[in-house]
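Student:
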Amino acid sequence: MFILEKCRLDNSNASNSTVNKCHILGLRILTNVLELELESPQLLRTFAYKLVELGLLNLVENILRHIVNLRLDEPQSYRDLALLLQESNIQNKTIAEISDLFKTVILGEWDGRFAEIEVTTLHEFNWFLFEYHQQQQISNFLDNRLIRHLPVDLRIVMIWDTNDTDVDLHVIEPTGEECYYSHKNTAIGGMI
């Protein structure tokens, strides 16, 4: 990934041909690293996230589907695929699949290490419902009190793929008020 960033910085004024050569070199390096452990969900996710960053969404779907098969017990696998499909070219078939993937996370019984992923996913699901006008189709399986539009100006989601990790997010608002684990709500509407 360093190569891709260095290439991007070094060639910010370069031709498309030069930038494409850098992308090809970076992808070759990434796929070589991936070949060290082809069944590693951590490496596969990292590779998929990098491809998303490069805008190569068409290559990511199969990787995320493979991760779902490897990690049926991890809600993140379903969430990642739902978010990718949502970002891709949406069709009616895809809308149903996205809904099913989100429902799997929201309604699933997950290990304690995935605490509160349902809340994050519910927020993402509500955005999806309102963006694609799917509220009526969903009301059968989900309590109507959970279906509501929650627009935000800025949303921060942190993900990590390692057990026994404790990450604390502190957000300092323009007012100077800090939002974090022991001060979860702010005067201007910030929340964690």
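Numbering (this note's numbering), first residue to last: 860 to 1051.
Glycine included, every Cβ here is placed at the ideal spot set by N, Cα and C.
Are the segment 980-994 and the segment 1004-1021 touching by the rule of at least three beta carbon pairs closer than 8 Å?
Tutor: yes
Student: Who are the Cβ neighbours of H982 in its own chain at under 7 Å, not counting the five residues just before and after it?
Tutor: Along the sequence shown, one-based indexing puts residue 982 at 123. Here the set comprises L1009.
Student: Does the distance from the C-beta atom of V911 to that of L902 stay below 9 Å?
Tutor: Position 52 of the sequence shown holds residue 911. Position 43 of the sequence shown holds residue 902. Not closer than 9 Å, so no.
Student: So, with DSSP's three-state summary, where would you put E1036?
Tutor: The count along the sequence shown starts at 1 and reaches residue 1036 at position 177. E1036: coil per DSSP, three-state reduction.
Student: Classify A1046: buried if its beta carbon has 16 or more other beta carbons within 10 angstroms, exposed otherwise.
Tutor: In the sequence shown, counting from the first residue as 1, residue 1046 sits at position 187. It counts as exposed.
Student: Look up I1031 in the DSSP assignment and say whether it is helix, strand or coil.
Tutor: Position 172 of the sequence shown, counting from 1, holds the residue named residue 1031. In the structure shown, I1031 sits in a strand (DSSP, three-state: E or B).
Student: So for N1022, helix, strand or coil by DSSP?
Tutor: Numbered from 1 along the sequence shown, position 163 holds the residue referred to as residue 1022. Coil at N1022, not helix or strand.
Student: Taking only three categories from DSSP, how would you classify H882?
Tutor: In the sequence shown, residue 882 corresponds to position 23, counting from 1. Assigned with DSSP and collapsed to three states, H882 falls in helix.
Student: Along the chain, where does the alpha helix (DSSP H) containing N928 start, and where does it finish?
Tutor: Within the sequence shown, residue 928 is the residue found at index 69, counting from 1. Looking at the DSSP string, the run of the alpha helix (DSSP H) that includes N928 is 916-929.
Student: Can you tell me where the alpha helix (DSSP H) holding K909 begins and where it ends?
Tutor: Position 50 of the sequence shown, counted from the start, is the residue given in the question as residue 909. Membership of K909 in the alpha helix (DSSP H) is indicated by the continuous run 900-912.
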